[in-house]
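Input: a single structure, listed below in structure tokens.
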Amino acid sequence: MSFGLILAIVMAAVFVCLGLADQRRMWRRVKARWLRNWEAQELSGAVVAGVRVFFFAWAALLLFAGCQAQEAQDGTDRIGREVNLPYGP
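Residues in the sequence shown are numbered from 353 upward in steps of one, following my numbering.
Here it is, written out as structure tokens:
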């Protein structure tokens with residue numbers, strides 16, 4: 353396994369965990385404490401769904417990029433082995 357694939361899997365797991373977390377509670381902890389009337393500015397259902405889709409889409413994109421990095425690494429290893437063969441393939 354290449355480092356790129358391992359890093360992509362770890363980062364995708366983080367994004368999946370963020371997508372599964374309660375988005376309203378995260379918003380209250382991060383942003384709402386700075387607002388005077390935070391109940392009036394609470395997130396709508398569409399925003400919560402959009403943020404979840406965003407996190408899951410990034411996780412899928414990271415896994416795709418990690419698989420592409422692994423495939424590229426396998427290709428370079430294969431080419432390196434073929435170049436070093438004394439009598440051809």
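C-beta atoms are modelled at their ideal positions from N, C-alpha and C, and glycine is treated no differently.
Computed from a predicted structure; not experimentally measured.
In the three-state DSSP reduction, residue 388 falls in the coil class, being neither helix nor strand.
Residues of the same chain with a CB within less than 7 Å of the CB of residue 354, apart from the 5 flanking positions on each side, are 421, 422, 425 in chain order. Pairwise C-beta distances place the segment 403 to 415 in contact with the segment 371 to 381, as three or more of them are shorter than 8 Å. Within the segment 394 to 436, the alpha helix (DSSP H) runs of at least 4 residues that lie entirely inside it are, in chain order, 397 to 435. For residue 353, no alpha helix (DSSP H) run applies, since DSSP gives it neither H nor E. Residue 364 carries a helical assignment under DSSP once its states are collapsed to helix, strand and coil. In this structure, residue 407 sits near residue 370, with a CB-CB distance shorter than 8 Å. When the beta-carbon positions are compared, residue 415 and residue 364 come within less than 8 Å of each other. Distance from the CA atom of residue 398 to the CA atom of residue 418, rounded to whole angstroms, is 30 Å.
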